[in-house]
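Everything on this sheet refers to the single structure shown next.
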Amino acid sequence: MNEILNLIEKFHGHLGPFAVIGYRMGIIACKKLNYDPFSKQVIVMTGTKPPISCIVDGIQIGSGCTLGKGNIRIKDEKKPIAIFKDKEGKEIKIELKKEVLEDIQNNVNDSNMILFSERMYSKTDEELFEIK
362 MNEILNLIEK FHGHLGPFAV IGYRMGIIAC KKLNYDPFSK QVIVMTGTKP PISCIVDGIQ
422 IGSGCTLGKG NIRIKDEKKP IAIFKDKEGK EIKIELKKEV LEDIQNNVND SNMILFSERM
482 YSKTDEELFE IK
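In this note's numbering, the protein residues as written are 362 to 493.
Spelled out as structure tokens, the structure:
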């Protein structure tokens, strides 16, 4: 496993596809908005029930937006969507593609979770997300 996946595993407690997806969302937000974790905020639509809420941990690692800083809010909509906004009002909405979500929900199990997570990490942004 590479260094980033090790970091996700250490922070989250295990390596799972939703934590990886959240990390990727956070990195996209940094690229599109900025890398300063104090100059952006995010609303995550996953709710707080695993496994989909694992996206929140990945977002914290990838974007630097954290519960402790108060620049991350969680809405209980059970959707793999994150909306990032910077201080100037620029906004980016990142949504996991429906077919990727279904692939994770239908095919991930304890025996293939790490391999599946590595596969999610290696996909392009365009393969994983709708970005608006």
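Using N, Cα and C, we set each Cβ at its ideal position, and we do this for glycine too.
Here the structure is a predicted model, which is why all the values come from computation and not from measurement.
Limits of the unbroken beta strand (DSSP E) element including residue i
i: K454; result: E452 to L457
Rounded Cβ spacing between residue i and residue j (contact assumed at less than 8 Å)
i: H373; j: D418; result: 5 Å
i: L489; j: K454; result: Actually they are not in contact, since the Cβ atoms of L489 and K454 sit about 14 Å apart, beyond 8 Å.
i: S424; j: F445; result: 7 Å
i: V381; j: M481; result: 5 Å
i: D486; j: I389; result: 6 Å
i: E456; j: E491; result: 5 Å
Residue i, enclosing alpha helix (DSSP H) - first and last residue
i: E487; result: D486 to L489
i: L476; result: M474 to S483
i: H375; result: No alpha helix (DSSP H) holds H375; DSSP gives it neither H nor E.
Residue i vs residue j beta-carbon contact at 8 Å
i: K440; j: T409; result: no
i: F399; j: K430; result: yes
i: I404; j: R385; result: no
i: I420; j: G383; result: yes
i: L394; j: S478; result: no
i: P378; j: I442; result: no
i: Q402; j: N363; result: no
Please specify which runs of the alpha helix (DSSP H), each continuous and at least 4 residues long, are wholly inside the stretch 393-446, giving them in chain order. 415-424
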